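See below for the structure under consideration.
There are 2 protein chains.
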Amino acid sequence: MLAKSSARNPAAKKAIEILREHSLSSLAQQELERRIMSGEIAGGAKLNETAIAGALGVSRGPVREAFRALSQAGLVRVEKNRGVFVREVSLGEADEFYEVRAALEGLIGRLAARRITENEVGRLRDIVKRMHGIKVGTNSNVGNYFALNVEFHDLLARAARNGALLANYRGTVAQLDLYRRAAITQSLENVPISTREHEAITEAVAARDEARAEALLTEHVLLSCSRLHTVLDHNAAAR
Amino acid sequence: MLAKSSARNPAAKKAIEILREHSLSSLAQQELERRIMSGEIAGGAKLNETAIAGALGVSRGPVREAFRALSQAGLVRVEKNRGVFVREVSLGEADEFYEVRAALEGLIGRLAARRITENEVGRLRDIVKRMHGIKVGTNSNVGNYFALNVEFHDLLARAARNGALLANYRGTVAQLDLYRRAAITQSLENVPISTREHEAITEAVAARDEARAEALLTEHVLLSCSRLHTVLDHNAAAR
DNA sequence: TATCAGAGAATTGTTGACAATATACCGTCA
DNA sequence: TGACGGTATATTGTCAACAATTCTCTGATA
Chain A
624 MLAKSSARNP AAKKAIEILR EHSLSSLAQQ ELERRIMSGE IAGGAKLNET
674 AIAGALGVSR GPVREAFRAL SQAGLVRVEK NRGVFVREVS LGEADEFYEV
724 RAALEGLIGR LAARRITENE VGRLRDIVKR MHGIKVGTNS NVGNYFALNV
774 EFHDLLARAA RNGALLANYR GTVAQLDLYR RAAITQSLEN VPISTREHEA
824 ITEAVAARDE ARAEALLTEH VLLSCSRLHT VLDHNAAAR
Chain B
624 MLAKSSARNP AAKKAIEILR EHSLSSLAQQ ELERRIMSGE IAGGAKLNET
674 AIAGALGVSR GPVREAFRAL SQAGLVRVEK NRGVFVREVS LGEADEFYEV
724 RAALEGLIGR LAARRITENE VGRLRDIVKR MHGIKVGTNS NVGNYFALNV
774 EFHDLLARAA RNGALLANYR GTVAQLDLYR RAAITQSLEN VPISTREHEA
824 ITEAVAARDE ARAEALLTEH VLLSCSRLHT VLDHNAAAR
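Right, dumping it as structure tokens:
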């Protein structure tokens with residue numbers, strides 16, 4: 624029965640092909656990471672082994688292995704005999720991550736200015752152009768801007784052509800986003816300001832100005848952190 | 624039988640106490656990390672699940688979970704259906720890690736200069752004093768200097784009082800040490816130079832000079848990388 | 001001699017079962 | 001009514017068995 628479906632059904636064939644090179648635990652890890660980062664699973668939520676195993680159609684073993692990897696990545700917290708919980712990042716911890724990220728982005732700016740290709744510069748400019756297109760008024764575009772922001776910085780991180788730096792950057796940003804997702808503190812008024820910063824960064828990198836790219840990127844991250852606090856204070860005052 | 628031994632044997636009692644808060648997988652992870660970082664298990668070596676489980680007195684489950692965490696930490700490499708191997712870091716990758724570390728240490732220097740206590744400054748000075756005591760001639764003291772170096776930088780990283788930075792620093796250094804351990808490239812002649820750099824860093828931090836501490840630490844890491852290359856080139860030429 | 005095929009052994013991937021711990025529920029008592 | 005205790009349930013931690021894949025060794029062949 625299974626053989627028959629795999630022989631005829633292209634989807635089943637593809638699934639088997641994927642399983643040939645990926646273990647169930649790595650697939651479970653990917654899927655759980657996606658659900659956590661998308662906010663599908665809220666911060667602090669408990670991850671039930673049996674329930675997740677059932678939902679993914681696997682046994683508890685691979686799920687537990689995925690948990691250990693996610694714990695090492697700082698995305699979940701493991702309490703012995705009690706369970707696994709989506710990590711909650713406090714504002715204080717977010718500030719710590721912002722500092723680390725600022726240092727990493729500085730290096731990214733320096734290296735990207737040195738190694739970025741013309742094609743990549745073009746893609747950066749395209750992202751900035753799309754950022755300019757965000758209309759200040761429609762609230763749904765906040766998420767749109769957030770996605771463009773992620774795309775911009777990840778492209779820059781890849782342009783630095785340092786694997787260790789890229790992995791470190793992504794891991795740090797993922798943990799920082801655990802906070803940013805919980806506290807939806809994107810303010811529309813900051814979009815034009817932030818977009819101008821991205822534009823300046825793009826031109827510094829395009830001009831191969833390493834020192835300026837480093838300084839602008841470090842400053843950009845620290846300013847983002849400041850803007851976050853401003854929005855939070857404003858919200859707190861209004862409440 | 625087991626109850627009897629645990630009731631009388633203090634060691635067994637302690638072991639049970641440890642098991643009350645630590646799972647076998649986390650203990651396996653710790654132990655494997657220790658063996659990898661100490662060089663007890665060589666780079667590239669295959670980690671046999673059954674053998675390790677037997678050596679640690681547990682079943683394969685916890686060992687596999689430990690593998691996943693170590694893989695996420697970048698200390699081992701998992702190949703599906705083939706096994707787990709201690710990660711081998713190339714010279715090129717080591718250069719990448721040095722760049723990342725330089726950025727992190729810069730931030731550590733800045734924050735440590737801001738937040739270090741008098742007690743911690745005293746301990747830094749003590750470490751430097753012990754570094755000065757290393758006799759250039761006895762080869763066994765290279766490992767001694769290496770330990771002091773680790774102690775110095777980890778103390779400084781803790782003095783920065785940024786948990787995210789500390790975790791990131793330790794993870795990065797662990798991966799970098801995978802290379803440094805494989806290529807035992809410590810040269811005696813560099814010890815006095817490196818010691819002077821540590822001394823200058825200590826005094827910059829003690830003087831609360833954030834900019835200087837940041838600059839000196841960044842430079843120190845990049846110089847260490849340069850010295851590594853010099854030693855390697857020298858060894859290659861001599862061969 | 002070198003290469004290839006194949007049987008056997010070893011190793012990994014996954015699962016289900018059992019034991020230990022924690023949680024939830026419910027009745028009792030103050 | 002609310003706090004406490006005990007039992008039942010649910011969940012986690014660990015293990016052993018089975019299936020699938022890879023590795024190894026032997027022998028045959030060019």
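Order-wise, the sequence lines are chains A and B. Using the numbering used here, the first residue of the first sequence is number 624, and each one after it goes up by one. Using the numbering used here, the first residue of the second sequence is number 624, and each one after it goes up by one. Glycine included, each C-beta is placed from N, C-alpha and C at the ideal position. Predicted, not measured: the structure shown is a model, and the values here were computed from it.
Proximity to residue i [Cα-Cα], best of the options
i                         : options                                   : result
isoleucine 824 of chain A : A/Arg748, A/Leu655, A/Gln809 and A/Ala692 : A/Arg748
glutamate 654 of chain B  : B/Ala638, B/Val686 and B/Thr673           : B/Val686
arginine 710 of chain B   : B/Arg738, B/Arg683, B/Tyr721 and B/Glu656 : B/Glu656
valine 828 of chain B     : B/Gly666, B/Ala805, B/Leu840 and B/Ala770 : B/Leu840
lysine 669 of chain B     : B/Val699, B/Gly766, B/Arg803 and B/Lys637 : B/Val699
alanine 665 of chain A    : A/Val712, A/Ser694, A/Asp777 and A/Arg705 : A/Val712
arginine 705 of chain A   : B/Ser646, B/Arg683 and B/Lys758           : B/Ser646
tyrosine 721 of chain A   : A/Glu702, A/Glu663, A/Asp856 and A/Leu851 : A/Leu851
proline 815 of chain B    : B/Gly667, B/Arg753, B/Asn858 and B/Val744 : B/Arg753
lysine 758 of chain A     : A/Thr818, A/Asn858, A/Asp777 and A/Phe775 : A/Thr818
aspartate 789 of chain A  : B/Thr795, B/Leu789 and B/Ala790           : Note that residue 789 of chain A is leucine in the sequence shown here, rather than aspartate. When each option's Cα is compared against that of leucine 789 of chain A, the closest is B/Thr795.
glycine 667 of chain B    : B/Val707, B/Ala638 and B/His776           : B/Val707
glutamate 842 of chain A  : A/Glu820, A/Arg658 and A/His857           : A/Glu820
leucine 778 of chain A    : A/Met660, A/Ala859, A/Arg803 and A/Thr740 : A/Thr740
glutamate 672 of chain A  : A/Ala736, A/Asn764, A/Ser661 and A/Val701 : A/Val701
alanine 859 of chain B    : B/Ser661, B/Thr808, B/Glu644 and B/Ser847 : B/Thr808
Min CB distance residue i to chain A below 7 Å
i                            : result
valine 572 of chain B        : A question about residue 572 of chain B goes unanswered here, because the residues of chain B that appear run from 624 up to 862.
asparagine 791 of chain B    : yes
histidine 857 of chain B     : no
lysine 703 of chain B        : yes
alanine 665 of chain B       : no
arginine 691 of chain B      : yes
phenylalanine 708 of chain B : no
glutamate 719 of chain B     : yes
serine 646 of chain B        : yes
valine 751 of chain B        : no
valine 723 of chain B        : yes
Min CB distance residue i to chain B below 7 Å
i                        : result
glycine 786 of chain A   : yes
glutamine 695 of chain A : yes
leucine 730 of chain A   : yes
glutamate 833 of chain A : no
arginine 687 of chain A  : yes
alanine 726 of chain A   : yes
arginine 738 of chain A  : no
alanine 638 of chain A   : no
serine 712 of chain A    : Here residue 712 of chain A turns out to be valine, not serine, going by the sequence shown. Closer than 7 Å: no.
valine 844 of chain A    : no
leucine 642 of chain A   : no
Whether residue i touches residue j by CB criterion (7 Å)
i                        : j                        : result
glutamate 822 of chain A : valine 751 of chain A    : yes
valine 773 of chain B    : serine 810 of chain B    : no
alanine 780 of chain B   : tyrosine 792 of chain B  : yes
valine 844 of chain B    : alanine 770 of chain B   : no
arginine 738 of chain B  : arginine 784 of chain B  : yes
alanine 838 of chain A   : valine 723 of chain B    : no
arginine 691 of chain A  : arginine 691 of chain B  : yes
alanine 674 of chain B   : glutamine 695 of chain A : no
glutamate 663 of chain A : glutamate 688 of chain B : no
alanine 782 of chain B   : glutamate 826 of chain B : no
key: Stretch pair the region 641 to 656 of chain B + the region 667 to 686 of chain B: three plus CB contacts closer than 8 Å   = Between the region 641 to 656 of chain B and the region 667 to 686 of chain B there are three or more C-beta pairs closer than 8 Å, enough to call the two in contact.
key: the region 794 to 813 of chain A in contact with the region 716 to 736 of chain A per 3-pair CB rule at 8 Å   = Short answer: they touch.
request  = Output the residue ranges of the alpha helix (DSSP H) runs that lie fully inside the region 670 to 708 of chain B and measure 4 residues or longer, sorted by chain position.
outcome  = The region 670 to 708 of chain B contains these whole alpha helix (DSSP H) runs: 672 to 679 and 683 to 695.
key: Given 8 Å, three or more beta-carbon pairs between the region 824 to 838 of chain A and the region 727 to 746 of chain A   = Taking a contact to require three or more Cβ pairs closer than 8 Å, the region 824 to 838 of chain A and the region 727 to 746 of chain A qualify as touching.
task = Starting from the N-terminal side, write out each stretch of the alpha helix (DSSP H) that is 4 residues or longer and does not extend beyond the region 737 to 801 of chain B.
result = Here the runs fully enclosed are 741 to 755 and 764 to 782.
inquiry  = I'd like the ranges of any alpha helix (DSSP H) spanning at least 4 consecutive residues and lying wholly in the region 704 to 735 of chain A.
reply    = Runs of the alpha helix (DSSP H) lying entirely within the region 704 to 735 of chain A and spanning at least 4 residues: none are present.
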